[in-house]
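Undergrad: Its first residue numbered 0, the sequence shown is counted upward by one per residue in numbering that gives the first Met the number 0. Pasting in a structure now, in structure tokens, and then I'll have a few things to ask.
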Amino acid sequence: MHGGRIAIVGAAETEEIGTLPNTSMLQLHAEAGLNALRDAGLTPADVDGVATAGPLALDVAHHLGINPRWADGTMVGGCSFLLHVRHAAAAIAAGAADVVLITHGESGRSRVGARQWGGQNETPAGQFEAPYGAITPYATFTVPALRFLHDRGMGREDLARVVVAQREWAVKNPRALRRDIVTVDEVLQAPEIAYPFTRDMCCVVTDGGGALVLTSAERAADLPRGDRAVYLLGSGEATEAAMVSQMEDLGSFQAFRRSSGEAFRTAGLGHRDVDHLMIYDAFAHLPLYGLEDLGFVGRGESGAFVADGHTVPGGSLPTNTNGGGLSYTHTGMYGMFAIQEAVRQLRGEAAAQVPDVEVSFVQGVGIFFAASGSLILSNRTS
Numbered sequence: 000m001h002g003g004r005i006a007i008v009g010a011a012e013t014e015e016i017g018t019l020p021n022t023s024m025l026q027l028h029a030e031a032g033l034n035a036l037r038d039a040g041l042t043p044a045d046v047d048g049v050a051t052a053g054p055l056a057l058d059v060a061h062h063l064g065i066n067p068r069w070a071d072g073t074m075v076g077g078c079s080f081l082l083h084v085r086h087a088a089a090a091i092a093a094g095a096a097d098v099v100l101i102t103h104g105e106s107g108r109s110r111v112g113a114r115q116w117g118g119q120n121e122t123p124a125g126q127f128e129a130p131y132g133a134i135t136p137y138a139t140f141t142v143p144a145l146r147f148l149h150d151r152g153m154g155r156e157d158l159a160r161v162v163v164a165q166r167e168w169a170v171k172n173p174r175a176l177r178r179d180i181v182t183v184d185e186v187l188q189a190p191e192i193a194y195p196f197t198r199d200m201c202c203v204v205t206d207g208g209g210a211l212v213l214t215s216a217e218r219a220a221d222l223p224r225g226d227r228a229v230y231l232l233g234s235g236e237a238t239e240a241a242m243v244s245q246m247e248d249l250g251s252f253q254a255f256r257r258s259s260g261e262a263f264r265t266a267g268l269g270h271r272d273v274d275h276l277m278i279y280d281a282f283a284h285l286p287l288y289g290l291e292d293l294g295f296v297g298r299g300e301s302g303a304f305v306a307d308g309h310t311v312p313g314g315s316l317p318t319n320t321n322g323g324g325l326s327y328t329h330t331g332m333y334g335m336f337a338i339q340e341a342v343r344q345l346r347g348e349a350a351a352q353v354p355d356v357e358v359s360f361v362q363g364v365g366i367f368f369a370a371s372g373s374l375i376l377s378n379r380t381s
């Protein structure tokens with residue numbers, strides 16, 4: 000399933016992202032799925048595997064007229080789609096499916112066809128964290144973010160610099176929701192949401208969707224647009240506690256370390272082989288965790304790495320080049336959009352294209368600090 004044997008042959012988002020009050024969640028799945036199939040030069044009749052993270056895979060399949068022999072409904076939050084790629088690759092390698100369609104659609108802002116917000120009192124988090132106010136992401140992430148900064152002698156300015164760096168990419172992307180250049184002072188002076196986060200340190204909230212089509216590298220070579228295929232070199236997945244309060248170390252996410260380590264091992268590559276990096280960034284502290292826990296920098300070096308310009312256009316490690324969840328889009332689960340940008344970069348089709356990208360690392364996080372998915376993708380098979 001690794002080493003370039005499985006290919007992403009179709010990748011597309013919905014026609015629009017942002018505020019789409021006339022489009023339901025299921026419609027977003029369908030539009031993205033059909034766009035990705037068209038991008039691959041395939042039709043629903045070619046698909047025999049479907050994966051979603053809500054609604055049910057069978058609902059999306061039925062809506063598109065697909066009767067799959069393989070389905071995956073893995074739901075671990077925003078990194079679910081990275082796990083879907085990994086699971087689909089395993090299924091194709093095992094002969095359980097030939098062509099897998101992975102769809103995402105979410106009416107995160109307009110809430111059309113989306114489940115109503117509500118507590119889950121029966122869960123451990125509902126019993127032991129929610130009563131103390133740890134309900135929303137911005138409230139739940141505050142303690143880990145403060146621990147991370149404190150342990151490293153870093154401050155809120157380091158969070159603000161992440162926002163500033165990613166906005167340099169967003170300004171080049173016409174589809175990005177936030178496209179105004181900002182300064183560190185402007186980010187710090189924005190309305191406070193939950194200390195240490197100001198508004199710009201929190202992700203945008205949008206409607207939209209995306210989809211991927213996977214098949215074997217052999218079949219990809221026979222497709223009319225097979226020269227645009229993107230190959231899976233390595234992957235990993237891991238989980239930790241479902242409750243942030245039960246993390247092994249609030250200042251370091253062990254699932255990041257485990258899944259990224261497996262991705263590097265299965266790909267047979269090292270950090271210097273990576274040309275492009277996508278780190279799930281629902282909040283500004285996550286890229287800092289990612290840079291350190293994935294091993295691109297040492298402990299306590301992430302803030303200086305961003306401040307020195309390594310992640311911006313022209314930097315040594317272009318990161319979150321679509322603007323990320325902080326500036327581009329974030330429907331509630333962002334992982335699909337991180338994969339989409341990696342594919343665009345590897346195809347040479349990105350709005351803010353990085354020169355000579357051959358290897359892209361995509362890192363996702365799910366359900367606060369509970370799940371992690373890692374993909375190493377390339378435009379070459381080895």
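Ideal Cβ positions, reconstructed from N, Cα and C, are used throughout, including at glycine. Predicted model, so just to flag it, every value in this text is computed and none were measured.
Are the stretch 8 to 25 and the stretch 198 to 211 in contact at 8 Å, needing three or more beta carbon pairs?
TA: Cβ pair count under 8 Å is three or more, so yes.
Undergrad: Could you give the DSSP three-state label for residue 105: helix, strand or coil?
TA: Locating residue 105 in the sequence shown gives position 106, counting from the first residue. Strand.
Undergrad: Let me confirm a value: residue 127 is counted as buried when at least 16 other C-beta atoms fall within 10 Å, else exposed. Which label applies?
TA: Counted from its first residue, the sequence shown places residue 127 at position 128. The residue in question, residue 127, is exposed, as its Cβ has fewer than 16 Cβ neighbours within 10 Å.
Undergrad: Note down, in chain order, each residue of its chain lying with its Cβ closer than 8 Å to the Cβ of residue 18, except the 5 sequence neighbours on either side.
TA: Translated into positions along the sequence shown, residue 18 becomes position 19. Contacts found: 108, 109, 205, 206.
Undergrad: Go ahead and pull the three-state DSSP assignment for residue 233.
TA: As a first step, residue 233 must be located in the sequence shown, where it is residue number 234. The answer is strand: DSSP assigns residue 233 an E or B state.
Undergrad: Keeping to the same chain, check which residues put their C-beta closer than 6 Å to that of residue 82; ignore five residues upstream and five downstream.
TA: The residue you call residue 82 lines up with position 83 of the sequence shown. Counting only Cβ-Cβ distances below 6 Å, and skipping sequence neighbours, we find 73, 236, 372.
Undergrad: Quick one, which of 246, 223, 234 has its alpha-carbon nearest residue 267's?
TA: Taking the first residue of the sequence shown as 1, we reach residue 267 at position 268. It is 234 whose Cα lies nearest to the Cα of residue 267.
Undergrad: For residue 270 versus residue 356, is the C-beta spacing smaller than 8 Å?
TA: As a working mapping, residue 270 is identified with position 271 in the sequence shown. As a working mapping, residue 356 is identified with position 357 in the sequence shown. Taking 8 Å as the Cβ cut-off, residue 270 and residue 356 do not qualify as a contacting pair.
Undergrad: Are three or more beta carbon pairs between the stretch 259 to 266 and the stretch 160 to 167 nearer than 8 Å?
TA: Flag = no, the stretch 259 to 266 and the stretch 160 to 167 do not touch.
Undergrad: Is it a yes or a no for the stretch 304 to 317 touching the stretch 83 to 99, going by three-plus beta-carbon pairs under 8 Å?
TA: No contact exists between the stretch 304 to 317 and the stretch 83 to 99.
Undergrad: What runs of the beta strand (DSSP E), each 3 residues or longer, lie entirely inside the stretch 269 to 337?
TA: Counting whole runs of 3 or more residues, the stretch 269 to 337 contains the beta strand (DSSP E) stretches 275 to 278.
Undergrad: Select from 280, 230, 292, 259 the residue whose C-alpha is nearest the C-alpha of residue 418.
TA: The structure shown does not extend to residue 418, since the chain spans only 0 to 381, so no value can be given for it.
Undergrad: Beta strand (DSSP E) containing residue 212: first to last residue?
TA: Here residue 212 corresponds to residue number 213 of the sequence shown, with the count starting at 1. Residue 212 -> beta strand (DSSP E) spans 206 to 215.
Undergrad: Assuming the contact rule is C-beta atoms closer than 8 Å, residue 56 and residue 70 should be a hit. Round their C-beta distance to whole Å, please.
TA: Within the sequence shown, numbered from 1, the residue matching residue 56 stands at position 57. Within the sequence shown, numbered from 1, the residue matching residue 70 stands at position 71. Confirmed, about 4 Å.
Undergrad: I need the boundaries of the alpha helix (DSSP H) containing residue 361, first residue and last residue.
TA: To locate residue 361, count along the sequence shown from 1; it is residue 362. It is not in any alpha helix (DSSP H) - residue 361 instead sits in the beta strand (DSSP E) that spans 358 to 365.
Undergrad: Pull the bridge partners of residue 69 from the DSSP assignment, please.
TA: On the sequence shown, residue 69 is found 70 positions in, with the first residue counted as 1. Beta-bridge pairing links residue 69 to 48.
Undergrad: Could you please give me the residues that DSSP links to residue 100 through a beta bridge?
TA: Numbered from 1 along the sequence shown, position 101 holds the residue referred to as residue 100. In the DSSP output, where bridge partners are listed per residue, residue 100 has 49, 212.
Undergrad: For residue 143, count neighbouring C-beta atoms within 10 Å of its own C-beta (all shown protein chains included) and say buried if the count is 16 or more, exposed if not.
TA: Counting from 1 along the sequence shown, the entry for residue 143 is found at position 144. Buried, because 16 or more other Cβ atoms sit within 10 Å of the Cβ of residue 143.
Undergrad: In the DSSP assignment, what are the bridge partners of residue 12?
TA: As a working mapping, residue 12 is identified with position 13 in the sequence shown. In DSSP, residue 12 forms a bridge with 209.
Undergrad: Comparing C-alpha positions only, which one of 165, 151, 87 sits nearest to residue 328?
TA: Your numbering for residue 328 matches position 329 in the sequence shown. Nearest C-alpha to residue 328: 165.
Undergrad: Can you give me the start and stop residues for the beta strand (DSSP E) that residue 376 sits inside?
TA: Translated into positions along the sequence shown, residue 376 becomes position 377. Taken as a continuous stretch (DSSP letters only), the beta strand (DSSP E) holding residue 376 covers 370 to 377.
Undergrad: Going by CA-CA distance only, name the one from 46, 75, 79 that's closest to residue 64.
TA: Residue 64 sits at position 65 when you count from the first residue of the sequence shown. When only C-alpha atoms are compared, the closest one is 46.
Undergrad: Counting pairs of Cβ atoms below 8 Å between the stretch 139 to 155 and the stretch 245 to 254, do you hit three or more?
TA: At 8 Å Cβ cutoff, the stretches touch.
Undergrad: Could you spell out the range, first to last residue, of the alpha helix (DSSP H) harbouring residue 30?
TA: Working through the sequence shown from its first residue, we reach residue 30 at position 31. Where residue 30 is concerned, the enclosing alpha helix (DSSP H) stretches over 24 to 39.
Undergrad: Checking 8 Å against the spacing of the C-beta atoms, do residue 325 and residue 283 come in under that value?
TA: The residue you call residue 325 lines up with position 326 of the sequence shown. The residue you call residue 283 lines up with position 284 of the sequence shown. In contact: residue 325 and residue 283 (Cβ atoms closer than 8 Å).
Undergrad: State the Cα-Cα distance for the pair residue 27 and residue 60, rounded to the nearest angstrom.
TA: For the purposes of this step, residue 27 is identified with residue 28 of the sequence shown, where counting begins at 1. For the purposes of this step, residue 60 is identified with residue 61 of the sequence shown, where counting begins at 1. Distance between the alpha carbons of residue 27 and residue 60: 13 Å.
Undergrad: How many angstroms separate the CA atom of residue 145 from the CA atom of residue 39?
TA: In the sequence shown, the residue the question calls residue 145 occupies position 146. In the sequence shown, the residue the question calls residue 39 occupies position 40. Their backbone Cα atoms lie some 44 Å apart in a straight line.
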